[in-house]
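What follows is one structure encoded as structure tokens, with my remarks underneath.
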Amino acid sequence: MPVRLTDEERAIAAGSDAAAMSMRILAEMGAMLGAERLIRVTSSHIDGGLYHGDSGVHFAERLVGEGARVAIPSTMNVGGLDLITPATVKADPHRHEMALRLMKAYEAMGCWPTWTCSPYQAGHRPKFGEQVAWGESNAVAFCNSVLGARTNRYGDFLDICCAIVARAPDYGLHRAEKRRATILVDTSALSHALKASDVFYPVLGAWYGAEIGNAIGVIEGLPPFTSEDQLKALGAAAASSGAVGLFHVAGVTPEAPTAAAALGNQPPEKTIRLDAAMLRTARDRLSTVKGERIDAVALGSPHFSLEEFEALEDLIDGRHVKLPFFVCTGRHVVAELERRRRLKPLQQAGVTVVADTCVVVAPILPSRSGVLMTNSGKFAHYTPANTGYEVVYGSLADCVKSAIEGRVSRDEGLWS
Amino acid sequence: MTAVLDSKIQVEGEARGRVLKLAKPISFWGGVDPVTGRISDPRHPNHQAELKGRVLVLPGMIGSSSSSYIMLELMAKRLAPAALVVAEPDAILGLGVVVAREMNYGSIPVLVVPREQQAALADGAEVTIGRDGTIRVA
């Protein structure tokens, strides 16, 4: 079934410029996804600025050449280079040139050069119920779940098309009835100490994504003071191991004042009682090796917040890390660290602050193999395939302690 | 014996090739190397399988929305599968194919066959896909 376009939309699609191509792609995708019409969207987060090959550069430059301008506020996800400290990324000349051309093409279309996968912590926060078109799996999960704005998981290219014509196909998570949870995850069997710890959230997310896939669940029994960074870690891990675009946390996320409300006052199709053994299995899957060897640490997927930097500084506590130690973040946080005169002390402690990009999307790690330790479920998921490194998952405190001691050291207490 | 399977068309087209049936869902970004066209996730059961020319049968999609970029790159470099058979309508891989057509990189059929009906498509089977969305298994 073709999408019913308005007269205005048909006129745009009939042109020969970038807006016409965008409208055609939107209409075709809408038909593919069963949308009957397009709706207006008011903000976009764009994931197409990261270089994965020349084809994406040619696509973006064609849009620029045909006069593309974004019609709504549009932030950029990470790029393939660190434009603040270029030497951080060791790309070959072709890759460097193409990655830069790609970033510049999106800037030329009027996108904000935020270059972060945590745009929601860089000031781009759509309101509850707002219709938007966001890309990048963690940003989508956060935008839907934590902010309560409405977006589908827009792939590279469709996000920019939506931004150029300020429209999106009306289907899926744009529609209220598609946002209802059908699966109840009961966490009452888990200890309060575990639920209060940061290390729990990526593991919960990794389990949730693998178990629930693209269904919508409501998690019951998490503390009401669950922090934004914990929800960010949960969503990022869930969106890596499954196609999770929206999750609800009873008493925490805005569409779930209660589990019953998130379920639309209907009985769940399935209830899963999560126990410690299931979580331990999920935690163990996040690591690919055992033993004490560690060659580097990487934090910040999604990009580290200022609050996470504060926790890191407290743990380092004036000491020096022995191993290559990367923290990936947005330039909005780097500027704030500099303003507060905290960047230099971090660097002096042995920390490399990576801006605009991250270690699993750009050649940053010191060699092509080794063992990387991380506190990020998302890094743990993508590190082996993207970098050649084996991976060990641990808490932030485990990562710092291991980097200072030069061998893997994990606190097993919470998991026993 | 020839079996004929119906599908729902996402992108129309004809194709012929051997089935590559993935044992688990995959994220093309972080799971398929756009330089070699092979499955690069060492944790995936089909690690190292080459996609080029195969009728790729996917039990589900996970992970990154950048997978459409990887799909476009495979199309641009002639490393793409001959066809995609997905378990449910998917906005990510089909998008890579739609953009490939806009960029004159060619096109491949994208068909939906629900997971419970994918049993008819055995790994390695020779299949022919018609413009009407029928899949003939030799």
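Protein sequences appear in the order of chains A and B.
Everything in the first sequence is counted per the numbering used here, starting at 1 for the first residue and increasing by one.
Everything in the second sequence is counted per the numbering used here, starting at 1001 for the first residue and increasing by one.
Note that the Cβ used here is the ideal one computed from N, Cα and C, for glycine as well.
Review point. If you drop the 5 nearest sequence neighbours on each side, which residues of the same chain put their C-beta closer than 6 Å to that of serine 409(A)?
Key: Short of 6 Å from the beta carbon of serine 409(A), and not among the five residues preceding or following it, lie these beta carbons of its own chain, in chain order: Lys401 and Ser402.
Check your understanding: Comparing alpha-carbon positions, which option in Gln1118(B), Val1097(B) and Ala1125(B) lies nearest phenylalanine 157(A)?
Key -> The shortest C-alpha separation from phenylalanine 157(A) is found at Val1097(B).
Review point. What does isoleucine 25(A) reach in chain B if we use C-beta pairs closer than 9 Å?
Key: Per Cβ cutoff of 9 Å: Leu1095, Val1098, Val1099 and Glu1102.
Check your understanding: Taking Cβ positions only, does isoleucine 1135(B) come closer than 8 Å to chain A?
Key -> Chain A has no Cβ within less than 8 Å of the Cβ of isoleucine 1135(B).
**Study point:** Segment limits, beta strand (DSSP E) that includes methionine 21(A)
**Key:** Here methionine 21(A) belongs to no beta strand (DSSP E); instead the alpha helix (DSSP H) covers 18 to 33.
Check your understanding: When we look at the beta-carbon of alanine 256(A) and count the other beta-carbons within 10 Å, is it buried (16 or more) or exposed?
Key -> Result: buried.
Point to revise | First through last residue of the alpha helix (DSSP H) which encompasses cysteine 143(A) | key: Residues 137 to 145.
Exercise for review: Along the beta strand (DSSP E) that carries serine 74(A), what are the first and last residues, could you check?
Suggested key: Per DSSP, the unbroken beta strand (DSSP E) holding serine 74(A) starts and ends at 74 to 76.
Practice item. Pull up the CB-CB distance for leucine 1056(B) and proline 1025(B), whole angstroms please, since I reckon it's below 8 Å. Key: The beta-carbon distance between leucine 1056(B) and proline 1025(B), rounded to whole angstroms, is 12 Å. This is too long to meet the 8 Å contact definition.
Check your understanding: Nearest to glycine 135(A) by CA position, among His320(A), Gly123(A) and Cys117(A), is which residue?
Key -> Minimum Cα-Cα distance from glycine 135(A) among the listed residues His320(A), Gly123(A) and Cys117(A) corresponds to Cys117(A).
**Study point:** Beta-carbon spacing of isoleucine 1129(B), alanine 1015(B) below 8 Å
**Key:** With a cutoff of 8 Å on beta-carbon distance, isoleucine 1129(B) and alanine 1015(B) are scored as near each other.
Review point. For aspartate 186(A), which beta-bridge partners are listed by DSSP?
Key: Beta-bridge partners of aspartate 186(A) (DSSP): Glu220(A) and Arg273(A).
Review point. At a CB-CB cut-off below 9 Å, which residues of chain B make contact with glycine 291(A)?
Key: Per Cβ cutoff of 9 Å: no residues; glycine 291(A) is ~18 Å from chain B at best.
Check your understanding: Could you give the residue range of the beta strand (DSSP E) that holds alanine 355(A)?
Key -> Here the beta strand (DSSP E) through alanine 355(A) covers 351 to 355.
Point to revise | Nearest candidate by alpha-carbon position, reference alanine 385(A), set Glu1012(B), Pro1034(B) and Tyr1105(B) | key: Nearest of Glu1012(B), Pro1034(B) and Tyr1105(B) to alanine 385(A), Cα basis: Pro1034(B).
Exercise for review: Determine the extent of the alpha helix (DSSP H) in which proline 345(A) is found, giving its start and end residues.
Suggested key: 343 to 348 is the span of the alpha helix (DSSP H), which, as asked, contains proline 345(A).
Check your understanding: Which of helix, strand or coil does DSSP assign to threonine 329(A)?
Key -> If DSSP states are grouped into helix, strand and coil, threonine 329(A) belongs with the strands.
Point to revise | Counted within 10 angstroms of its Cβ, other Cβ atoms place valine 1004(B) as buried (16 or more) or exposed | key: Exposed, since its Cβ has fewer than 16 Cβ neighbours within 10 Å.
**Study point:** Chain-ordered chain A contacts of glutamate 1073(B) [CB-CB under 9 Å]
**Key:** Here the neighbours are His52, Gly53, Asp54, Ser55 and Gly56.
Review point. Isoleucine 1092(B) touches chain A at which residues, Cβ-Cβ below 8 Å?
Key: Per Cβ cutoff of 8 Å: Arg153 and Gly155.
Point to revise | For threonine 432(A), the residue or residues it bridges with in DSSP | key: No answer is possible for residue 432(A): it lies beyond the span of chain A, which begins at 1 and ends at 416.
Practice item. Whole angstroms is fine: what's the gap from tyrosine 154(A)'s alpha carbon to glycine 318(A)'s? Key: Going by C-alpha positions, tyrosine 154(A) is about 43 Å away from glycine 318(A).
Check your understanding: In chain order, which alpha helix (DSSP H) runs of at least 4 residues are fully inside the region 1006 to 1041 of chain B?
Key -> Segments of the alpha helix (DSSP H) lying fully in the region 1006 to 1041 of chain B: there are none.
**Study point:** As assigned by DSSP and simplified to three states, the class of arginine 368(A)
**Key:** Under the three-state reduction of DSSP, arginine 368(A) is assigned to coil, being neither helix nor strand.
Review point. Using a C-beta cutoff of 8 Å, does leucine 33(A) count as contacting chain B?
Key: Taking Cβ atoms only, chain B reaches closer than 8 Å to leucine 33(A), which makes this a yes.
Exercise for review: Starting from the C-beta of tyrosine 120(A), find all residues in its chain whose C-beta is less than 6 Å away, skip the five residues before and the five after it, and write them out in chain order.
Suggested key: Short of 6 Å from the beta carbon of tyrosine 120(A), and not among the five residues preceding or following it, lie these beta carbons of its own chain, in chain order: Phe142.
Review point. Between the beta-carbon of leucine 38(A) and the beta-carbon of arginine 167(A), is there less than 8 Å?
Key: For leucine 38(A) and arginine 167(A), yes; Cβs fall inside 8 Å.
Check your understanding: By how many angstroms is the C-alpha of histidine 58(A) removed from the C-alpha of alanine 11(A)?
Key -> Put simply, the backbone Cα of alanine 11(A) is about 26 Å away from that of histidine 58(A).
**Study point:** the region 239 to 247 of chain A / the region 205 to 212 of chain A touching (three or more Cβ pairs under 8 Å)
**Key:** The region 239 to 247 of chain A makes contact with the region 205 to 212 of chain A: 3 or more CB pairs, one atom from each, lie closer than 8 Å.
Review point. Among Ser16(A), Ala122(A), Ile294(A) and Gly217(A), which one has its Cα closest to the Cα of threonine 258(A)?
Key: Minimum Cα distance to threonine 258(A) is reached at Gly217(A).
Check your understanding: Is the beta carbon of valine 70(A) less than 8 Å from the beta carbon of glycine 30(A)?
Key -> Not in contact: valine 70(A) and glycine 30(A) (Cβ atoms no closer than 8 Å).
Check your understanding: Counting only beta-carbon atoms, is glycine 1106(B) nearer than 8 Å to chain A?
Key -> No - not a single Cβ of chain A is within 8 Å of the one on glycine 1106(B).
Review point. Once you ignore the five residues that flank valine 361(A) on each side, which residues in its own chain have a CB closer than 8 Å to its CB?
Key: Cβ within range, chain order: Leu50, Val78, Gly80 and Asn386.
**Study point:** Within chain E, the residues that phenylalanine 142(A) reaches when beta carbons sit closer than 8 Å
**Key:** Checking the listed chains, one finds no chain E in this structure; the protein chains it contains are A and B.
Exercise for review: Can you give me the Cβ contacts of glutamate 313(A) inside the same chain, cut-off strictly under 6 Å, excluding the 5 residues immediately before and after it?
Suggested key: Residues of the same chain with their beta carbon placed closer than 6 Å to that of glutamate 313(A) are lacking, with the five preceding and five following residues left out of the count.
Review point. Which residues, in order along the region 1034 to 1063 of chain B, keep a beta-carbon less than 7 Å from a beta-carbon of chain A?
Key: Within the region 1034 to 1063 of chain B, the residues whose Cβ lies closer than 7 Å to some Cβ of chain A are Pro1034, Ser1040, Asp1041, Pro1042, Arg1043, Gly1060, Met1061, Ile1062 and Gly1063, listed in chain order.
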